[in-house]
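Report on the following structure.
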Amino acid sequence: MYNRVRLITRSRAGLFAWTTGAAVILGLLWARPAIHRGIPSAPHVSIEPRQILAGGVEAATLSIEAPASAGRPRITIAENPHGAVVDEATRVNGQWRAQIRAGVTPGRMAFRIEFPGLPAATAALTSTLHAADSFEDGTPDFLRLDDDDDRQTFRRWFTWLAEAQYFQTPANRPTEINDCAALIRYVYREALHAHESGWAEAARVPIVPALAPIRKYQYPYTPLGAALFRVQPGPFRPSDLGGVAFAQFADAQTLWRFNTYAIGRDLARALPGDLLFFRHETGHMPFHSMIWLGESQLRRDGHRYVLYHTGPDGAGPGEIRRLTLPELLRYPQPEWRPVPGNPTFLGVFRWNILRKAFER
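Following this line, the structure appears as structure tokens:
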């Protein structure tokens, strides 16, 4: 009787062991990679290098391993969208590759990679502050437009916006435009602005020109935020961020001293978007400025123009004037003529952000 009980017990134990083993095997089979059950896996992605300089120049390569049949990937910036620009992916040696070009705003960026029918994948990249000031003029290199196309785009936006305000009725102009420096501040800021939906209405421009955006960055998405203008002497230092060296406001003298550099006193060297500065020894506002438009973008008549705001005149608010070069050279008051013999004419000046290496 005892042996029979032992036999039954052993049989039950063997059955239990067999059942448990079978369950484990089935569990392992069920837990195998999803691809064996017909569910595709997420693509494998990598970024090299994982850290770049936020100066608008350096780039990293995003590599994506996925079947060619999956189609082209959709790559979006899920975190810090103004920190970089992702170029279109291309197929290279069996992989998809995309260049990630640094913006100027440092920080962590997260990317989402999607294929139709596949789970999404993610990757991350970090950019660090580019704190150089190559010209020691107070303007950080991350603000400088290094690319010739970006420089030309800025000039076209700057002069178009200035001339558009001339053709606007005074009632439709932004109220901030009340003197020569205010006009310049306005068109400088709006030329660099992100021209997104609703921008034209907020900026009070009658139409939006068919101009490309500046690629390196758009205002206010820089480490300086809304503070565009240098207002204190000295080269740029990281401690200037969040300090008092930059501001949204700058008068004509401040624009002249800290935000532009001299080209000379010959108007033949002026390019559209350059500034003409004058200094008069009398009056409560001795510094004055004009915008060199060059040829008009709105009225193609072959003339070259300057444009400026007169500032308040007695009880009146002043006005925006547009003069041809011959009209300015023959201006009734000789102290306003931009000629080398005029001691009040300081010369032609160009924005620091447009400065090139050979113009040191």
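By our numbering, the letter at position 196 of the sequence shown is numbered 198, and the numbering carries on one by one without gaps. We treat Cβ as the ideally placed atom computed from N, Cα and C, and that holds for glycine.
Nearest-angstrom Cα separation, counted from residue j out to residue i
| i | j | result |
| --- | --- | --- |
| Val210 | Ala166 | 10 Å |
| Ala56 | Leu300 | 37 Å |
| Thr346 | Trp159 | 29 Å |
| Ala183 | Asp89 | 38 Å |
| Gly105 | Ile216 | 12 Å |
| Ala33 | Thr130 | In this prediction, Ala33 scores a pLDDT of 42, lower than 50, which makes its location untrustworthy; no coordinate-derived value is stated. |
| Tyr223 | Asn174 | 27 Å |
| Pro172 | Arg206 | 11 Å |
| Ser48 | Pro225 | 27 Å |
| Gly96 | Ser65 | 10 Å |
| Glu192 | Val59 | 23 Å |
| Thr161 | Val189 | 8 Å |
| Ala152 | Pro42 | For the record, residue 152 in the displayed sequence is Asp; it is not Ala. Between Asp152 and Pro42, the C-alpha separation is close to 43 Å. |
| Gln234 | Phe280 | 21 Å |
| Leu185 | Met287 | 15 Å |
| Ala24 | Pro118 | Confidence at Ala24 is low in this model, with a pLDDT of 46, below 50, so its placement is unreliable and the value that follows should be read with caution. If I take the Cα positions, the gap works out to 37 Å. |
| Thr155 | Ala125 | 33 Å |
| Trp338 | Arg110 | 51 Å |
| Asn82 | Ala61 | 16 Å |
| Glu50 | Ala100 | 11 Å |
| Phe231 | Gln255 | 12 Å |
| Glu203 | Val94 | 44 Å |
| Thr177 | Pro342 | 35 Å |
| Ala363 | Ala252 | Here the chain comprises residues numbered 3 to 362, so residue 363 is not present and cannot be evaluated. |
| Thr107 | Arg146 | 14 Å |
| Pro208 | Gly275 | 21 Å |
| Thr284 | Ala214 | 43 Å |
Per DSSP, cross-strand counterpart(s) of residue i
| i | result |
| --- | --- |
| Val94 | Gln97 |
| Trp294 | Val308 |
| Asp276 | None; Asp276 has no bridge partner. |
| Arg103 | Ala61, Val87 |
| Phe231 | Ala249 |
| Phe137 | None, per the DSSP bridge assignment. |
| Gly266 | Val350 |
| Phe289 | Arg281 |
| Arg239 | None; Arg239 has no bridge partner. |
| Arg324 | Leu309 |
Own chain, CB closer than 8 Å to residue i, minus 5 neighbours either side, in chain order
| i | result |
| --- | --- |
| Asn180 | His311, Gly313, Pro314, Pro319, Gly320 |
| Thr11 | Caution is warranted here: a pLDDT of 41 is assigned to Thr11, below 50, making its placement in the model unreliable, and the coordinate value is therefore given only provisionally. Correct list: empty, nothing qualifies. |
| Tyr333 | Leu325, Arg339 |
| Leu273 | Arg157, Trp294, Gly296, Arg352 |
| Val87 | Ile102, Arg103, Gly105, Arg217 |
Nonlocal neighbours in the same chain, by C-beta distance under 6 Å from residue i, ignoring five residues either side
| i | result |
| --- | --- |
| Pro121 | Ala44 |
| Leu325 | Val308 |
| Trp98 | Ile66, Pro75, Ala91 |
| Leu330 | Val308 |
| Asp305 | Contrary to the premise, residue 305 reads as His rather than Asp in this sequence. Taken in chain order, the residues that qualify are Thr326. |
| His282 | Pro288, Thr346 |
| Asn344 | none |
| Ala133 | Pro240 |
Residue i: first and last residue of the uninterrupted alpha helix (DSSP H) it sits in
| i | result |
| --- | --- |
| Arg259 | 254-260 |
| Arg187 | 182-194 |
| Ala205 | 201-205 |
| Gln220 | Run containing Gln220: none; DSSP gives neither H nor E here. |
| Thr161 | 150-169 |
| Leu331 | 327-331 |
First and last residue of the uninterrupted beta strand (DSSP E) at residue i
| i | result |
| --- | --- |
| Tyr307 | 306-311 |
| Leu348 | 347-353 |
| Ser48 | 46-50 |
| Phe113 | 109-116 |
| Arg76 | 76-81 |
| Ser129 | 123-131 |
| Gln53 | 53-56 |
Same chain only: Cβ atoms within 7 Å of residue i, ignoring 5 sequence neighbours per side
| i | result |
| --- | --- |
| Glu138 | Pro237 |
| Arg52 | Leu127, Thr128 |
| Ala123 | Ala44, Pro45, Val47, Ile115 |
| Ala80 | Ala112, Phe113, Arg114 |
| Asp135 | Thr141, Pro142, Asp143, Pro237, Phe238 |
| Tyr168 | Leu309, Ile322, Arg324 |
| Tyr263 | Asp139, Phe351, Arg352, Asn354, Arg357 |
Examine the Cβ distances between the region 241-253 and the region 267-278 and report whether three or more of them are shorter than 8 Å. no
With a threshold of 8 Å, are at least 3 pairs of Cβ atoms found where one atom belongs to the region 217-233 and the other to the region 187-207? yes
Is there contact between the region 222-242 and the region 277-296, where contact requires at least three CB pairs shorter than 8 Å? no
Contact between the region 60-71 and the region 137-151: three or more CB pairs below 8 Å? no
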